[in-house]
Amino acid sequence: MAVIRLARPGDGPAVEALAKVALGADAATPVGPGAFAAAIDRHGGRLSLPHGTGCALVAEAAESTPIGLTYTCAPVRLIEHYAELGRHGQRRLAGVLTELELLTVAEHARGAGVGTALLAAMEARLRSGGCRLVLAKVGAGDRLVLRWYRRRGYLPAVPGEPVTIDVDGAMIAFDDGGDGYRLAVKSLDPTQQVHRGSTRTGTYLAVTPARPSATPPWSVLPRGRPRR
Ligand SMILES: CC(C)(COP(=O)(O)OP(=O)(O)OC[C@H]1O[C@@H](n2cnc3c(N)ncnc32)[C@H](O)[C@@H]1OP(=O)(O)O)[C@@H](O)C(=O)NCCC(=O)NCCS
């Protein structure tokens, strides 16, 4: 069985190759040919980013080559959108929300539990750091991967559907941004849940400690919801 560990210097090329399998570049992911590899080889699996630390975990097979990767970081664009929260509020937001940027297993190693083990290790790590909600980005047409997440406790948002969470009294709302990905979200706080609510104009996902509220959570927002 694969061992899950933090990426370390020397893993760079394998990590970058796995990242390329997962998806193209995104704002919070180190970009450019070799940039991810160079960052891992220099700093290991903890990368200093705006609003927090990116974290790369790898699954290591017997020959010690990474065969799977998960990479998480704070949702930078969302946090920057909420500048009105101030530095303290933005730090809180970065602490409770995490984006699962990459999750991939080398093709030859799929179907053996490696992806499930990577996801569980990543969630345990985030939970112990105080994260309350993890957001995975899944290709909009990738039904098998959406099902894979659903079976692991994630609730996929429908395209354009808002997701809301109360962070210290501030109602944070976001959606997939219409960039070809769907969000699949999971509460890491056992006292909270993600549920789907509806209004006359559509549905939404909300993270709440108790039963769904009759009032749409974003109705208390002073302005429109941001894209992530
Ligand atoms: C999604 C992914 C990470 C799953 O990793 P994995 O190690 O194959 O998953 P596991 O072995 O832990 O899970 C087994 C599941 O995959 C299914 N499976 C079995 N063989 C498989 C295979 N050869 N390829 C893909 N999935 C397979 C099983 O039916 C099982 O599903 P279930 O438990 O929900 O019924 C992997 O398929 C992958 O890297 N896909 C490409 C990248 C991607 O889409 N990443 C997610 C978006 S960020």
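Numbering-wise (the working numbering), the sequence shown opens with residue 286 and increments by one.
Yeah, the Cβ is synthetic: ideal placement off N, Cα and C, and Gly gets one too.
Using a threshold of 7 Å, is the CB atom of residue i nearer than that to any non-hydrogen atom of ligand 1?
i    : result
L388 : yes
P427 : Residue identity check: residue 427 is Asp in the sequence provided, not Pro. Yes, ligand 1 has a heavy atom inside 7 Å of this Cβ.
A347 : no
G465 : no
T401 : yes
K471 : no
K305 : no
R293 : no
G462 : no
A421 : yes
V288 : no
G339 : no
A397 : yes
How far does the alpha helix (DSSP H) with residue i in it reach, from first residue to last?
i    : result
S413 : 399 to 413
A323 : 320 to 328
Please state whether DSSP places residue i in a helix, a strand or coil.
i    : result
G424 : strand
A368 : helix
A313 : Unreliable placement is indicated for A313, whose pLDDT of 48 sits below 50; the coordinate value is still reported in the next sentence. A313 falls in the coil class under three-state DSSP.
A302 : helix
R376 : helix
G396 : coil
T486 : coil
Which residues bound the beta strand (DSSP E) around residue i?
i    : result
P351 : 351 to 358
E345 : 337 to 345
R331 : 331 to 334
A292 : From DSSP, A292 is part of no beta strand (DSSP E); its letter is neither H nor E.
L388 : 382 to 390
L515 : Because the chain here runs from 286 to 513, residue 515 falls outside it and cannot be looked at.
Are three or more beta carbon pairs between the region 375 to 392 and the region 353 to 360 nearer than 8 Å? Three or more Cβ pairs drawn from the region 375 to 392 and the region 353 to 360 lie within less than 8 Å of each other, which places the two stretches in contact.
Which full runs of the beta strand (DSSP E) of 3+ residues lie inside the region 418 to 463, going along the chain? Under the rule that a run must span 3 or more residues, the beta strand (DSSP E) segments found entirely inside the region 418 to 463 read 418 to 424, 448 to 452, 455 to 459.
If we count Cβ pairs, one from each stretch, closer than 8 Å, do we get three or more for the region 460 to 475 versus the region 412 to 425? Under the three-pair Cβ rule at 8 Å, the region 460 to 475 counts as touching the region 412 to 425.
Indicate whether the contact test is met: 3 or more Cβ pairs, each with one atom in the region 317 to 328 and one in the region 394 to 405, closer than 8 Å. In this structure the region 317 to 328 does not touch the region 394 to 405; the number of beta carbon pairs closer than 8 Å is below three.
Between the region 291 to 300 and the region 328 to 348, do at least 3 Cβ pairs fall closer than 8 Å? The region 291 to 300 vs the region 328 to 348: in contact.
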